[in-house]
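Each remark here refers to the structure printed beneath this line.
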Amino acid sequence: MSAKVLVTGANGFTGSYLCKHLLQRGYHVRGLVRKASDLALLKELEVEMAYGNFADADSANDLRAAMKGVETVYHIAAAYRTEGVPNKYFWQVNVEGTRHLLQAAVRSNVRRFVHCSTVGVQGDIKNPPATEEAPYAPGDVYQESKLEGEKLARRFFEEHRLPGVVVRPVGIYGPGDRRFLKIFKFVNNGRFRMFGSGEVLYHMTYVEDLAAGITLAGEKPEALSQVFTIGGSEYTSLNELVERIARALEVPAPHKHFPVWPVWMAGWLCELVCKPLRIEPPIYRRRVDFFVKDRAFDISKARRLLGYQPQVNLDTGLKITADWYRANGLLN
172 MSAKVLVTGA NGFTGSYLCK HLLQRGYHVR GLVRKASDLA LLKELEVEMA YGNFADADSA
232 NDLRAAMKGV ETVYHIAAAY RTEGVPNKYF WQVNVEGTRH LLQAAVRSNV RRFVHCSTVG
292 VQGDIKNPPA TEEAPYAPGD VYQESKLEGE KLARRFFEEH RLPGVVVRPV GIYGPGDRRF
352 LKIFKFVNNG RFRMFGSGEV LYHMTYVEDL AAGITLAGEK PEALSQVFTI GGSEYTSLNE
412 LVERIARALE VPAPHKHFPV WPVWMAGWLC ELVCKPLRIE PPIYRRRVDF FVKDRAFDIS
472 KARRLLGYQP QVNLDTGLKI TADWYRANGL LN
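Residue numbers (the numbering used here): 172 to 503.
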């Protein structure tokens, strides 16, 4: 293949893995990044750079140039949850920025637009595992903005006849990820604490499998106008997940359980004090969600229509990730 594709957020964790996978598939990959972006994750990859800030209302010319000759746009970039970021920033990037990209894609006559959403738009799963048709239930401003971005993309697909697909990743992890690092560190150092029963369900997706699934969404004719959950081959209870992380780290698994409500109250107090000062609270109420909400998903639609088959099982992925954390001195 020599088709040209554009990846937004190419320099990020998921974006860089997607670029690598697309290059391996023979695509000419162009990455859309801001001029001040850290490109360390792309230094080994032959990715053509296009510069622009799609969240900027005056970005039309940059986006037009970035999409010149492009057949498929993979929109991966997003504003993620970070303390001190005003709520309006999530909307500026995840909604208005998405609008700018969609408008540019329509003007540029791209053949397909793959919009990366999140399973977070479905929030707490009441009847796991959830299919793509489970009701929307975003739990915070990030998830709300991602939901509006997803709805906007789907409207553009219909109203502007823009060939498009929505993908919703599940619990992304792998070498380079920092989101799950705290859990690995706490388990490794014997400081992990399980709040609640630990029987809630959690679903992980190895980042290389995710990249393969997103690529399929950009290739398969059957994908058009569809929404796909892209997840790992299995989900587990939180207790089992922590035990398997401990096994990957070759340390004893933690077994103590603590009540949830004191942590929730501590999170509330930390947010109350830290938010006005624009500093990162040591704990958030939403982090308690990890211990109390089911997050398990049905990936059969992606298997059936995309031919998606996760290749890295959970134990292998956790071991690879644990070894990467250790090799990079991140577990201390």
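Don't be surprised by glycine CBs; every beta carbon is placed ideally from N, CA and C.
Item checked: DSSP three-state assignment for residue 198, whether helix, strand or coil -> coil
Item checked: Beta-bridge pairing of residue 504 - partner residues as DSSP gives them -> Nothing can be reported for residue 504: it is not among the residues displayed for the chain, which extend from 172 to 503.
Notebook entry, point to check: What are the start and end residues of the alpha helix (DSSP H) that includes residue 393?
Noted result: Per DSSP, residue 393 belongs to no alpha helix (DSSP H) and is neither H nor E.
Notebook entry, point to check: Measuring CB to CB, does residue 342 end up less than 9 angstroms from residue 466?
Noted result: yes
Next item on the list: Under 8 angstroms Cβ to Cβ from residue 437, same chain only, skipping five residues before and after it: list those, please.
Entry: 454
Next item on the list: Would you decide whether residue 283 is buried or exposed? Buried here means 16 or more other CB atoms lie within 10 Å of its CB.
Entry: Classification for residue 283: buried.
Margin query: Out of 345, 400, 313 and 387, which one is the CA nearest neighbour of residue 494?
Written below: 345
Checklist line | Own chain residues within Cβ distance below 6 angstroms of residue 356, not counting five before or after | finding: 502
Check: So, do the region 393–402 and the region 324–342 have three or more beta carbon pairs nearer to each other than 8 angstroms?
Finding: yes
Check: Going by other Cβ atoms of all chains shown within 10 Å of its Cβ, with 16 needed for buried, is residue 192 buried or exposed?
Finding: buried
Margin query: Quick check on residue 425: buried or exposed, where buried means 16 or more other Cβ atoms within 10 Å of its Cβ?
Written below: buried
Notebook entry, point to check: In the structure shown, what three-state DSSP assignment does residue 315 receive?
Noted result: helix
Check: DSSP state of residue 438, grouped into three classes?
Finding: helix
Checklist line | Residue range of the beta strand (DSSP E) that includes residue 179 | finding: 175–179
Margin query: Quick check for students: name the residue ranges of the alpha helix (DSSP H) that lie wholly in the region 232–309, counting only runs of 4 or more.
Written below: 258–262 and 269–279
Next item on the list: Work out the CA separation of residue 235 and residue 280 for me, nearest whole Å.
Entry: 11 angstroms
Next item on the list: Classify residue 487 as buried or exposed, calling it buried when 16 or more other Cβ atoms lie within 10 Å of its own Cβ.
Entry: Burial call: exposed.
Checklist line | Coarse secondary structure for residue 443, derived from DSSP in three states | finding: helix
Checklist line | Closest Cα partner of residue 405 within the set 423, 380 and 391 | finding: 380
Item checked: Contact under 9 angstroms by Cβ, residue 373 with residue 408 -> yes
Notebook entry, point to check: Excluding sequence positions up to five away, which residues of its chain have a Cβ less than 7 angstroms from the Cβ of residue 359?
Noted result: 420, 422 and 502
Next item on the list: Would you list, in sequence order, the uninterrupted beta strand (DSSP E) runs of no fewer than 3 residues that lie entirely inside the region 343–378?
Entry: 372–374
Check: Nearest-angstrom Cα distance between residue 433 and residue 427?
Finding: 16 angstroms
Next item on the list: Within 10 angstroms of the Cβ of residue 307, are there 16 or more other Cβ atoms? Answer buried if so, exposed if not.
Entry: By the neighbour-count criterion, in which a residue is buried when 16 or more other Cβ atoms sit within 10 angstroms of its Cβ, residue 307 is exposed.
Item checked: Spatial neighbours of residue 473 in its chain, beta-carbon cut-off 7 angstroms, leaving aside the 5 residues before and after -> 384, 399, 400, 401 and 479
Notebook entry, point to check: When the Cβ atoms of the region 213–221 are set against those of the region 176–188, are three or more pairs found closer than 8 angstroms?
Noted result: yes
Checklist line | Integer Cβ distance of residue 194 from residue 202, believed to fall under 8 angstroms | finding: About 11 angstroms; that fails the 8 angstroms criterion.
Item checked: CA nearest to the CA of residue 459, picked from 366, 292 and 302 -> 366
Item checked: Exposure of residue 500, with buried meaning 16 or more beta-carbon neighbours within 10 Å -> Residue 500 is exposed by the Cβ-count criterion.
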